[in-house]
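Heads up: the structure comes next, in structure tokens.
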Amino acid sequence: MKARESLVRLKEFQVREKQRQLSQLQMMMAEFERMTKDLENQIVFEEKKSGISDPSHFAYPTFAKAARQRADNLQVSIRELKAQQDAAELALEEVQAEFAKAAALEERDTTTRLRA
């Protein structure tokens, strides 16, 4: 019976770990989105300051070009994190199902022992 208790604890740990990973991914995505918005605001400011909003113009501000590239890179990272988040959500569902099965078996064993 100890083996089932250990299995339940292991599955419970795995569920908490997957939830933690999912939470971290969501926090990273939110932070990247905030950083992207900040960069976009800085780009708008630089464009207004210089009076040039065409990135292909020879006198387009260097800072705005660099900020635009960083914002684009962050958007790529956000898309990659979204894919990781989808995979983590699936893994969490699988681990939760395994935990539910293990907990049900433990419950059944406990009620069987109490009846005997």
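The numbering of the sequence shown is full-length UniProt numbering, which starts it at 1 and goes up by one.
Backbone N, C-alpha and C define an ideal beta-carbon position, used for all residues, glycine too.
Note that this is a predicted model, so its numbers are computed, not measured.
Residues near residue i by beta carbon distance below 7 Å, same chain, minus five either side
i   : result
R70 : L39
Q84 : L25
E33 : I78
N-terminal and C-terminal residue of the alpha helix (DSSP H) that residue i is part of
i   : result
F32 : 2-50
F58 : First-last for F58: undefined, no H or E at that position.
Residues of its chain near residue i, where Cβ-Cβ distance is below 8 Å and the 5 sequence neighbours each way are ignored
i           : result
F99         : V8, K11, E12, Q14, V15
I52         : A59, Y60, P61
M28         : L81
residue 136 : With the chain running from 1 to 116 in the structure shown, residue 136 is simply not present.
Residues of its chain near residue i, where Cβ-Cβ distance is below 6 Å and the 5 sequence neighbours each way are ignored
i   : result
E46 : P61, F63, A64
Exercise. Counting Cβ pairs, one atom from each stretch, are 3 or more of them under 8 Å apart for the segment 16-32 and the segment 53-60?
Worked result: Using a Cβ-Cβ distance cut-off of 8 Å, the segment 16-32 and the segment 53-60 are not in contact, since fewer than three pairs of beta carbons, one from each stretch, lie closer than that value.
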